[in-house]
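2 protein chains.
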Amino acid sequence: MAQAIRLHQASPLKASCHQCSLSNLCLPLAVEENDLDRLEDIVQQGRIFNRGEHIFDQSTPFRSCFAVKSGAIKTSIISENGEEQVTGFFMPGELVGLDSMGSKNYACTARALERTSVCEFPVDKLEELTGKLPDLQHHMYHLMSQEIQGSHQLAMLLSKNTAEERIAALLLSLSSRFQRRRMSGTNFSLPMARNDIANFLGLAVETVSRVFTRFQNQGIISARGREVELLDVEALQTVTREFSRQNT
Amino acid sequence: MAQAIRLHQASPLKASCHQCSLSNLCLPLAVEENDLDRLEDIVQQGRIFNRGEHIFDQSTPFRSCFAVKSGAIKTSIISENGEEQVTGFFMPGELVGLDSMGSKNYACTARALERTSVCEFPVDKLEELTGKLPDLQHHMYHLMSQEIQGSHQLAMLLSKNTAEERIAALLLSLSSRFQRRRMSGTNFSLPMARNDIANFLGLAVETVSRVFTRFQNQGIISARGREVELLDVEALQTVTREFSRQNT
DNA sequence: ATCCGTTATTGATGCATGTCAAAACCGTAC
DNA sequence: GTACGGTTTTGACATGCATCAATAACGGAT
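In order, the protein sequence lines correspond to chains A and B. Just so it is clear: in the first sequence, position 59 is 616 by this note's numbering, and no numbers are missing. Just so it is clear: in the second sequence, position 70 is 627 by this note's numbering, and no numbers are missing.
See below:
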């Protein structure tokens, strides 16, 4: 409940990971208390982006990873012809830009879905630091491998599951990510448009819309615009596993 | 042209990345000459697996990454109910296990598609070494981010492209990977069964088969079993971009 | 060489989802 | 408040691919 914001008196104008309420979700997770100071040294905190603004652009020089403090970010790849493919949604405490680590240019474009504040980790400093702090390096590997795994899960969802299953999975994913931040896991507002959901899940907008109303008619959710309430989480979980059962 | 195999007299029975013909594809790519020795120290070379044998299993303790020397490996995730999802194919010079870096257990199962030899990189030693060699660390980040990107590309392929486009893309991918090894890019034998292709691309086996024969009738490829010849690479490339053009 | 299990091909049919079209809704600016 | 562009919903229709079913080709073992 209580948000456990420790007031830490050092350098009030400067970045402070210590007093960030997300510190246990973000990079510092695996880092020792005294190492945290060194991470703070390289972080540029508090940049703010308005809805629709680009945090970075595909094919421009890769300089930094960004941790979301508040708001939400979507990443997408624009193919040669201008087709957009949404590759992910990032909520507070999550790190954007890992798919570009070790590359010269950003592999995707990131833009704010709503008013969003971020912390910036310049990659040169970050690599230097991970070379010195084995725990931090290990954590970076962990985050990156998580992203690979997540991507595989997504591919699996896209290739084997129905529209209902994909949407149920997304809703549950968002739910648990809200819960991690001590917010309601059953009552939240979607940061992204139906269009983005459709694109991300490889569906047509119309299909997304239809599934939403179907779920609503079944009493599983209640949705008005971006405002969503999960009325029957169990049912949603069943939907995601439905597919599995059938083939047994 | 010439394969530039330098005979390096040190420790003939021990691992030697120096004299591996894949060294410019594998980990050492970005590593200084003198750093290569230190990498050699941690590598366990020459383990051999027969077709069907497991290199490692999902949910068992993560100990090592493996570089393919010869043969081919497929990785897959087994979901709770036993459904298999193929997540990747790995050819000589490619590194398997990156999706488990920083985790306690392997995130997927890897098995040999044919008789396969690998080099093993114990992860504890590897992390220790990347902490000391910034170039190697950078290279690891690069490889991992490549895998994220590849995974996104796959998701894109699965969510937006037709069966023909997916299969054309796979054939071209394999082609370029054979070419990297200075082998024919137009005449090769598929290391995997139709079943694996179907699973990987999110299609039914029958569909894969049908597309193969359709391509054959169009004179784009010539296939007998796993033996494949790409007769018209341009046409294949057109197929993969076909989708893009339509929506312009 | 022959047999048998696995893998691959081919055909017929049904369904989920894309596409096209239009109406309803929403937020924003004037 | 009203008017507008963009988003969301709903409906009718078309189609690509999965599914079921059967045959054919392959490959390893005897």
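Backbone N, C-alpha and C fix where the C-beta goes; we use that ideal spot for every residue, glycine too. Remember, it's a predicted structure, so these values are computed and weren't measured experimentally.
Is it buried or exposed for residue 787/B, if we count other Cβ within 10 angstroms and need 16 for buried? buried
Counterpart residues of residue 787/A in DSSP-defined beta bridges: 778/A
Under 8 Å, Cβ to Cβ, is there at least one residue of chain A near residue 560/B? Legend: pLDDT at residue 560/B = 40, less than 50; position of this residue unreliable, value from coordinates given subsequently. False, the Cβ-Cβ gap to chain A never drops below 8 Å.
So which residues of chain A does residue 711/B contact, with C-beta pairs closer than 7 Å? 712
Cutoff 8 Å: residue 655/B Cβ touching any chain A Cβ: yes
Assigned secondary structure, residue 752/B (DSSP; H/G/I helix, E/B strand, else coil): helix
Checking contacts by CB at 8 Å: is residue 664/B closer than that to chain A? Yes, residue 664/B lies at the interface with chain A (some Cβ there is under 8 Å from its Cβ).
The segment 737–753 of chain A / the segment 624–631 of chain A touching (three or more Cβ pairs under 8 Å): yes
So residue 702/B and residue 655/A are supposed to be a Cβ contact under 8 Å. How far apart are they, rounded? Confirmed, Cβ separation roughly 7 Å.
For the candidate residues 574/A, 579/A and 575/A, whose alpha-carbon lies nearest to that of residue 735/A? When each option's Cα is compared against that of residue 735/A, the closest is 579/A.
Would you tell me roughly how many angstroms separate the C-alpha atoms of residue 640/B and residue 634/B, rounded to the nearest one? 8 Å
So what's residue 624/A in DSSP terms, helix, strand or just coil? strand
So, does the CB of residue 644/A fall closer than 8 Å to a CB anywhere in chain B? yes
Own chain residues within Cβ distance below 7 Å of residue 777/B, not counting five before or after: 788, 789, 792 and 793
Which residues of chain B have a Cβ atom closer than 7 Å to the Cβ of residue 706/A, listed in chain order? 656 and 664
Does any C-beta atom of chain B lie closer than 8 Å to the C-beta of residue 702/A? Contact of residue 702/A with chain B is assigned, a C-beta pair being separated by under 8 Å.
May I have a chain-ordered list of the alpha helix (DSSP H) segments no shorter than 4 residues that lie completely inside the segment 624–704 of chain A? Entirely contained in the segment 624–704 of chain A, the alpha helix (DSSP H) runs reaching 4 residues are, in chain order, 680–689.
Strictly below 9 Å CB to CB, what residues from chain B border residue 634/A? 706, 709, 710 and 713
Residue-chain proximity (residue 717/B, chain A), Cβ-Cβ < 8 Å: yes
So which residues of chain B does residue 696/A contact, with C-beta pairs closer than 9 Å? 659
With distances taken Cα to Cα, identify the nearest neighbour of residue 731/B among 618/B, 783/B, 669/B and 684/B. 783/B
Could you spell out where the beta strand (DSSP E) holding residue 606/B opens and where it closes? 601–606
Pull the bridge partners of residue 611/A from the DSSP assignment, please. BP columns for residue 611/A point to 668/A.
Cβ closer than 9 Å: which chain A residues qualify as neighbours of residue 770/B? Near residue 770/B there are no residues of chain A at all, since even the closest Cβ is about 22 Å away, more than 9 Å.
Buried or exposed: which applies to residue 605/A, given that a residue is buried once 16 or more other Cβ atoms fall within 10 Å of its Cβ? Flag for residue 605/A reads exposed.
Measure from the C-beta of residue 618/A to each C-beta in chain B and report whether the shortest distance is under 8 Å. Answer no: the Cβ-Cβ gap between residue 618/A and chain B never drops below 8 Å.
Spatial neighbours of residue 796/B within its chain, please: CB distance less than 7 Å, with the 5 preceding and 5 following residues excluded, ordered by chain position. 721, 722 and 725
Cβ of residue 575/A less than 8 Å from any chain B Cβ? no
Contact set between residue 806/A and chain B, taken where Cβ atoms lie within less than 7 Å: Here chain A covers residues 558 to 805 and nothing more, so residue 806/A does not appear.
By the 10 Å Cβ neighbour count, where 16 or more other Cβ atoms means buried, how is residue 755/A classified, buried or exposed? buried
Could you check where the beta strand (DSSP E) with residue 735/B kicks off and where it finishes? Run containing residue 735/B: none in the beta strand (DSSP E); it sits in the alpha helix (DSSP H), 720–737.
For residue 744/A, which residues does DSSP report across the bridge? Per DSSP, 786/A.
Thinking C-alpha only, which one of 598/B, 650/B and 658/B is nearest residue 622/B? 658/B
Helix, strand or coil, according to DSSP, for residue 558/A in the structure here? For residue 558/A, the predicted structure reports a pLDDT of 39, less than 50, and the residue's modelled location is therefore unreliable. A value from the coordinates is still provided. Reduced to three states, the DSSP call for residue 558/A is coil.
Residue 737/B and residue 582/B look like a contact to me (Cβ under 8 Å); what is the Cβ gap, rounded to whole Å? 6 Å
Residue 757/A versus residue 575/A: straight-line alpha-carbon distance, rounded: 34 Å
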